[in-house]
Amino acid sequence: MPESISVKAASRGSLLARALSRAHWLAPPLGGLLALSFGREHAAGLAVVALAAFAALLWHTPLPTAGARARRGALLGLGFGLGWFAAGIWWLYISMAVYGGMPALLAGAAVLLFSLYLALYPALACALAAALAAPAGHGAWPLARGLGAALALAGAWTLGEVLRGTVFTGFPWLAVGYSQVGGPLAGVAPLLGGYGVGFVTVLVAGLLALASQLSLRGTAVAVALLLGVALGAARVGELRWTHADGAPLRVALLQGDVAQSQKFRPESLAPTLRLYGGWLDRLQADLILTPETALPVLPEELPPHYLDDLQRTLRSHGTDALVGIPLTRGADGYTNSVIGLGDARPYRYDKAHLVPFGEFIPYGFHWFVRLMNMPLGDFARGRLDQPSFEVRGRRIAPTICYEDLFGEQLAQRFAVPAQAPNVIANLTNLAWFGDTIALPQHLQIARMRSLEFQLPSIRATNTGVTAIIDARGRVTGQLAPYTAGVLLGSVQPAAGVTPYAWLAARLGYAPIVLLGLLALALAAAAARALPTIRD
Numbered sequence: 001m002p003e004s005i006s007v008k009a010a011s012r013g014s015l016l017a018r019a020l021s022r023a024h025w026l027a028p029p030l031g032g033l034l035a036l037s038f039g040r041e042h043a044a045g046l047a048v049v050a051l052a053a054f055a056a057l058l059w060h061t062p063l064p065t066a067g068a069r070a071r072r073g074a075l076l077g078l079g080f081g082l083g084w085f086a087a088g089i090w091w092l093y094i095s096m097a098v099y100g101g102m103p104a105l106l107a108g109a110a111v112l113l114f115s116l117y118l119a120l121y122p123a124l125a126c127a128l129a130a131a132l133a134a135p136a137g138h139g140a141w142p143l144a145r146g147l148g149a150a151l152a153l154a155g156a157w158t159l160g161e162v163l164r165g166t167v168f169t170g171f172p173w174l175a176v177g178y179s180q181v182g183g184p185l186a187g188v189a190p191l192l193g194g195y196g197v198g199f200v201t202v203l204v205a206g207l208l209a210l211a212s213q214l215s216l217r218g219t220a221v222a223v224a225l226l227l228g229v230a231l232g233a234a235r236v237g238e239l240r241w242t243h244a245d246g247a248p249l250r251v252a253l254l255q256g257d258v259a260q261s262q263k264f265r266p267e268s269l270a271p272t273l274r275l276y277g278g279w280l281d282r283l284q285a286d287l288i289l290t291p292e293t294a295l296p297v298l299p300e301e302l303p304p305h306y307l308d309d310l311q312r313t314l315r316s317h318g319t320d321a322l323v324g325i326p327l328t329r330g331a332d333g334y335t336n337s338v339i340g341l342g343d344a345r346p347y348r349y350d351k352a353h354l355v356p357f358g359e360f361i362p363y364g365f366h367w368f369v370r371l372m373n374m375p376l377g378d379f380a381r382g383r384l385d386q387p388s389f390e391v392r393g394r395r396i397a398p399t400i401c402y403e404d405l406f407g408e409q410l411a412q413r414f415a416v417p418a419q420a421p422n423v424i425a426n427l428t429n430l431a432w433f434g435d436t437i438a439l440p441q442h443l444q445i446a447r448m449r450s451l452e453f454q455l456p457s458i459r460a461t462n463t464g465v466t467a468i469i470d471a472r473g474r475v476t477g478q479l480a481p482y483t484a485g486v487l488l489g490s491v492q493p494a495a496g497v498t499p500y501a502w503l504a505a506r507l508g509y510a511p512i513v514l515l516g517l518l519a520l521a522l523a524a525a526a527a528r529a530l531p532t533i534r535d
């Protein structure tokens, strides 16, 4: 390479390093930019750009010691995470202040404090990644060391997201992999799952940031690697691990649009029962799916013979239904449940992964819940390996609302391939969060589950988004949010087990944790063994 080009590249790197070293304030806006990529079609590239810009901010530092770099990385990660989560889950305010009865100031503070807690995970990840990414002076980085830095960021970030998705029962909403649904990087989902998609996304973003640190030759290599990863992921996504199984099922997905402020009021019970009872009475399909707690009271609180009459009608039509309803367990326990009605034998599914504060009260937080006005706030848990509901010889795996964020837990139902589900069915109620970005964000999450398991998904929601998703994660039909109606369509059951499903069913989170640790080990090795290599 001509010396003049090398000097100019080094000079540009030094100027950019000095500018970015003083730009801590950029971290929260970049986190907010990342938040904009969730729940929006064709925004996968925005997540990569936001992460790449943040990686450049993280790596442009002249600090000589690992400890100093780690401290600065933690501060940058905390700021980035705060912007990311505050801009991405602000809708939690609605559930607390509008529907939960919490004072507005306290609800806003609760969202901010929760965002700050979630930001601790990217802060830890960035501290580790920055410590491993030792800069080679103020000039161009060695290519090998730059690749090590990208691996360090991807590995640390992924381990941070796994922790966020498991500690205190976990909150994996806005995991980076979800931003890629619909993009080429989501092609690795059947192999690595949603966290694996996040790993590849951060790695690609790191390579993009790396391009700004290298000489012309190094930039070309980084860009080539970036394109290779994206194209390779897209090709992997074309591999089919499942296949069509049997005839398509005719489905009817119900969306009642019952206002959350009225859902649990005694005077609203009769209209709600007439609405869903009327649909169940007259619709004819292979499977009817209602939203979560479509029948909002216990069976003994329903009008006499209500469920018996529905059962007879459904059987006369040759129709099966999965109906959301709370049930009792034992003398004083309650479950958020689904019951099966119609031709199939009696069926019950109890929600296994409960929402903190919404469905169970963490120890020491009863005072917080007393500030809110949410009924049935302390449920019992179901098992992770509950059987599927059979319709026309096909197995339907119910999940209730928030449960479909946990792919590794859903994978437990694939431990015995002969009993693996053929269709995923999610019953949910997002009316707690109003007409906000939470609805398309949750649809994006459901699409990731279809990509991971290469199975179709059907969703019946109270207010949206009620949808049919095929085994490639594509939405083939949906209802407009905040309208009452029925989505009629067909879904093609699929049989087979993806590599991700097979591994997660047996090893849980271990494969993705090992991938993150391997990336960190390679990054550490590069930092130690390649201190003098230049491009």
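Residue 237 in this note's numbering is what sits at position 237 of the sequence shown, and the numbering runs on without skipping anything.
Backbone N, C-alpha and C define an ideal beta-carbon position, used for all residues, glycine too.
Can you tell me whether A524 is helix, strand or coil according to DSSP?
Taking the sequence shown and counting its residues from 1, one reaches residue 524 at position 524. Looking at A524 - three-state DSSP - the assignment turns out to be helix.
Per-residue DSSP class, three states only, for P122
Translated into positions along the sequence shown, residue 122 becomes position 122. Of the three classes helix, strand and coil, the one that applies to P122 here is helix, per DSSP.
Starting from I339, follow its DSSP beta bridges and name the residues at the other end.
Your numbering for residue 339 matches position 339 in the sequence shown. Note: I339 sits in a beta bridge opposite V323, R348.
Between W502 and the rest of its own chain, which residues show a CB-CB distance below 6 Å, the 5 nearest in sequence each way excluded?
Residue mapping note: residue 502 aligns to position 502 of the sequence shown, counting from 1. Take W502, set aside five residues on each side of it, and no residue of its chain has a beta-carbon closer than 6 Å to its own.
Expressed to the nearest angstrom, what Euclidean distance is found between the alpha-carbon atoms of G193 and E452?
Sequence index remark: in the sequence shown, residue 193 carries index 193 (1-based). Sequence index remark: in the sequence shown, residue 452 carries index 452 (1-based). Distance between the alpha carbons of G193 and E452 is about 5 Å.
Rounded to whole angstroms, what is the Cα-Cα separation between A471 and P456?
To locate residue 471, count along the sequence shown from 1; it is residue 471. To locate residue 456, count along the sequence shown from 1; it is residue 456. CA-to-CA, the gap between A471 and P456 works out to about 4 Å.
Hey, quick one: how far does the beta strand (DSSP E) through L239 stretch, first residue to last?
As a position in the sequence shown, residue 239 is number 239, starting the count at 1. Here L239 belongs to no beta strand (DSSP E), and DSSP marks it neither H nor E.
Can the beta-carbon of L191 be found less than 8 Å from the beta-carbon of L249?
Here residue 191 is taken as the residue at index 191 of the sequence shown, counted from 1. Here residue 249 is taken as the residue at index 249 of the sequence shown, counted from 1. No. Outside cutoff.
Any idea what DSSP makes of S388, helix, strand or coil?
As a first step, residue 388 must be located in the sequence shown, where it is residue number 388. If DSSP states are grouped into helix, strand and coil, S388 belongs with coil.
Status (buried if at least 16 other CB within 10 Å, exposed otherwise) for G407
Within the sequence shown, the letter at position 407 stands for residue 407. Classification for G407: buried.
Please report the distance separating the alpha-carbon of A17 from that of G160.
The residue you call residue 17 lines up with position 17 of the sequence shown. The residue you call residue 160 lines up with position 160 of the sequence shown. Any reading at A17 must be qualified, since the residue scores a pLDDT of 48, below 50, and its modelled position is unreliable; the value itself is stated next. Each residue's alpha carbon lies about 26 Å from the other.
Name, in chain order, the residues that DSSP records as bridge partners for T538.
Here the chain comprises residues numbered 1 to 535, so residue 538 is not present and cannot be evaluated.
Sorted by chain position, which residues of the same chain lie with C-beta nearer than 7 Å to A123's C-beta, five sequence neighbours on each side aside?
In the sequence shown, counting from the first residue as 1, residue 123 sits at position 123. Excluding residues within five positions, the ones whose Cβ falls inside 7 Å are A74, G77, L78, G81.
Where L487 and W279 are concerned, what is the direct C-alpha to C-alpha distance, given to the nearest angstrom?
Taking the first residue of the sequence shown as position 1, residue 487 is located at position 487. Taking the first residue of the sequence shown as position 1, residue 279 is located at position 279. So the two alpha carbons sit approximately 12 Å from each other.
Mapping DSSP to helix, strand and coil, what is S457?
The count along the sequence shown starts at 1 and reaches residue 457 at position 457. Look at S457 here: in three-state DSSP terms it is strand.
With a cut-off of 8 Å, do at least 3 Cβ pairs link the region 416-427 to the region 81-91?
No, the region 416-427 is not in contact with the region 81-91.
Identify the continuous alpha helix (DSSP H) that holds P28 and give its terminal residues.
Stepping through the sequence shown from its first residue, residue 28 is reached at position 28. Counting along the chain, P28 sits inside the alpha helix (DSSP H) bounded by residues 27-35.
Please report how far the alpha carbon of L295 lies from the alpha carbon of V181, in whole angstroms.
For the purposes of this step, residue 295 is taken as residue 295 along the sequence shown, with counting starting at 1. For the purposes of this step, residue 181 is taken as residue 181 along the sequence shown, with counting starting at 1. C-alpha separation (whole angstroms): 32 Å.
I need the boundaries of the alpha helix (DSSP H) containing L549, first residue and last residue.
With the chain represented from 1 up to 535, any question about residue 549 goes unanswered, as that position is not in the structure.
Rounded to whole angstroms, how far is the Cβ of H442 from the Cβ of L430, which I believe are closer than 8 Å?
Position 442 of the sequence shown, counting from 1, holds the residue named residue 442. Position 430 of the sequence shown, counting from 1, holds the residue named residue 430. In this structure, H442 and L430 form a Cβ contact; the two beta carbons are roughly 6 Å apart against a cut-off of 8 Å.
Rounded to the nearest angstrom, what separates P481 and L327 at their Cα positions?
Along the sequence shown, one-based indexing puts residue 481 at 481. Along the sequence shown, one-based indexing puts residue 327 at 327. Here the alpha carbons of L327 and P481 stand approximately 28 Å from one another.
Going by DSSP, what residue range makes up the alpha helix (DSSP H) through L287?
As a first step, residue 287 must be located in the sequence shown, where it is residue number 287. For L287, there is no enclosing alpha helix (DSSP H); the enclosing beta strand (DSSP E) covers residues 287-289.
Would A494 and A411 be called neighbours here (beta carbons separated by less than 8 Å)?
For the purposes of this step, residue 494 is identified with residue 494 of the sequence shown, where counting begins at 1. For the purposes of this step, residue 411 is identified with residue 411 of the sequence shown, where counting begins at 1. Taking 8 Å as the Cβ cut-off, A494 and A411 do not qualify as a contacting pair.
Helix, strand or coil: how does DSSP classify V202 here?
As a position in the sequence shown, residue 202 is number 202, starting the count at 1. Three-state DSSP puts V202 in a helix.
Can you list, in chain order, the residues of its chain whose CB lies under 6 Å from that of L113, leaving out five sequence neighbours each side?
Within the sequence shown, residue 113 is the residue found at index 113, counting from 1. Cβ neighbours of L113 beyond the five flanking positions: none.
For the alpha helix (DSSP H) holding T313, just list the boundary residues, first then last.
Counted from its first residue, the sequence shown places residue 313 at position 313. Counting along the chain, the alpha helix (DSSP H) containing T313 begins and ends at 306-317.
Look at W157 and V202 and say whether their C-beta atoms are less than 8 Å apart.
Position 157 of the sequence shown holds residue 157. Position 202 of the sequence shown holds residue 202. Against a cut-off of 8 Å, the Cβ pair of V202 and W157 comes out as a contact.
So, using beta-carbon positions, are E292 and A352 closer together than 8 Å?
Against the sequence shown, residue 292 aligns to sequence position 292. Against the sequence shown, residue 352 aligns to sequence position 352. No, Cβ-Cβ distance for E292 and A352 is not below 8 Å.
Residue burial classification, E359 (beta-carbon count within 10 angstroms, cutoff 16)
One-based indexing of the sequence shown puts residue 359 at position 359. Here E359 is buried: its Cβ has 16 or more other Cβ atoms, across all protein chains shown, within 10 Å.
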